[in-house]
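Following the working numbering, the residues of the sequence shown are numbered contiguously, the last one being 95. Here's the structure we're looking at; comments come further down.
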Amino acid sequence: MQLGHLRQRYLWGPAVDQIFAEENVDNRADETVQWTLTDHLNTVRDIAKYDSGSDMTIVVNHLIYDAFGRDTGESNFS
């Protein structure tokens, strides 16, 4: 990684703080795109990734919040 090289980029929606996807462009072999899945309040609840080998989209992380919006757990925090 050299100074000034792009590592990640984001696809933003028209609303304030509305993120649709995060793309890892640092990994030369596999440019991974992770899609955010939101609830009715536009809170990110799941992160999904498309697997071209199986031609399926899978949830790679599920986020859990308390009534005050604090992160209380997730299925895969790596």
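Each residue gets a CB set at the ideal place from its N, CA and C atoms; glycine is no exception. Treat the numbers as computed from the prediction; the structure is a model and nothing was measured.
#### Entry: Boundaries of the beta strand (DSSP E) in which R62 is found, first to last residue
Taking the first residue of the sequence shown as 1, we reach residue 62 at position 45. Residues V61 to D68.
### Task
Select from R24, S92 and E39 the residue whose C-alpha is nearest the C-alpha of Y82.
Within the sequence shown, the letter at position 65 stands for residue 82. When only C-alpha atoms are compared, the closest one is S92.
### Task
For L23, I'd like the list of residues in its chain whose CB is within less than 7 Å of its CB, leaving aside the five on either flank, ordered along the chain.
Locating residue 23 in the sequence shown gives position 6, where the first residue counts as 1. Closer than 7 Å at Cβ, skipping near neighbours: V42.
### Query
If you count every other CB in all the chains shown that lies within 10 Å of the CB of T53, and 16 or more means buried, which is it?
The count along the sequence shown starts at 1 and reaches residue 53 at position 36. Under this definition T53 is a buried residue.
#### Entry: Beta-ladder partner(s) of A84, from DSSP
Locating residue 84 in the sequence shown gives position 67, counting from the first residue. As DSSP reads the structure, A84 sits in no beta bridge.
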